[in-house]
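Protein chains: 2
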Amino acid sequence: MLSKKAKYAINALVFLAKKKGEGPVQISHIAESEKIPQKFLEAILLDMKRAGILRSKKGKGGGYFLFKEPSEVNMAEVMRLFDGAIAFLPCVTYKYYERCEECKDEETCGIRDVFLNVRNATVELLKNATLEKIIERESSMKSLYNN
Amino acid sequence: MLSKKAKYAINALVFLAKKKGEGPVQISHIAESEKIPQKFLEAILLDMKRAGILRSKKGKGGGYFLFKEPSEVNMAEVMRLFDGAIAFLPCVTYKYYERCEECKDEETCGIRDVFLNVRNATVELLKNATLEKIIERESSMKSLYNN
DNA sequence: AAATCAATGCTTTCAAAAAAAGCTAAGTAT
DNA sequence: ATACTTAGCTTTTTTTGAAAGCATTGATTT
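These protein sequences, in sequence, are chains A and B. Per my numbering: the first sequence = residues 13 to 159. Per my numbering: the second sequence = residues 13 to 159.
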């Protein structure tokens, strides 16, 4: 399961992506609209700012806004930022690699093989899921649903 | 990431599947061979016994053994037993379903759509990954590796 | 310059879950 | 009987998740 942090981050990102071009959005506004505890959201937004996804502006008329293009922010990136590795086992991750103690031979480990396939499929889908596509898909589903 | 519990469970299952037909195996034997803290393993095996995957025999010559067929034990089942839902979001699970508070319309939620696809792909792969196939694949990889 | 607004940084707290460890009981084969 | 092995229960320790609180810094407006 995603941590609350990651989930909130995604919600906030989609929200900000929809407001792209409208200038900074206050934390309190995002928190209210997406039902996220404000203080928690502050930390989350800050993390994403540090990661180069968002920027902020202080003072009157300040707030957060998307800095990267919506087509360049994908779910794999966001999940890794908040929850670490996406894979189910450390021996099939790239950045968080760790060998299994009990494993006699990683190359021929049947368990590893399964979870490597799962990881690859998952990462593929998540990398493809950009903010742009999510919003696009949402509006196309909405019009489908309303006709 | 899988919990240690789930990971240990899988290791123990593969171990027992390889010993299928050789009678009960002592907990201590599994623990040593797979490098699992024995007391922790006891609880894990007991859970799998309750789930009908294993059976046990007490007293001299006792131990645990696989009760289900190796072709009928898959990774999705084991993971659900120990770690609960496989999906990343509660709104795309079957048994652990929960609605997202902030979600205005689940049917057209772009985020949900992404994670539903991920879930479906993952479950498909995990259901297919039975103990039988894991062992089979392992030995075929080994012979490939040795030639 | 002062007042105001909003993000930033840092610390602490609270709760829950994960990961074990310890001890006693119960069942079974020989 | 007794030696062996799982079963059951309680407690402890560690880690992580999820916040809440408060003082600070920086930008803007008047």
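Glycine included, each C-beta is placed from N, C-alpha and C at the ideal position.
With at least 16 other beta carbons inside 10 angstroms of its own, A29/A counts as buried. Under the 8 Å criterion on CB atoms, A141/B is classed as interfacial with respect to chain A. When secondary structure is reduced to three states using DSSP, Y157/A falls in the helix class.
Going by beta carbons, L66/B and F77/B fall inside the 8 Å limit. At a C-beta separation below 9 Å, L57/B has no neighbours in chain A, since its nearest C-beta there lies roughly 16 Å away. Between C103/B and R111/B, the C-beta spacing is below 8 Å.
By the Cβ neighbour-count rule, P82/A is buried, with 16 or more other Cβ atoms within 10 Å of its own.
Contacts with chain A at 8 Å (Cβ-Cβ) include K154/B.
Beta-bridge partners of K69/B (DSSP): G75/B. In the DSSP assignment, G122/A falls within the unbroken alpha helix (DSSP H) covering G122 to N140. V26/A places its beta carbon less than 8 Å from that of L143/A.
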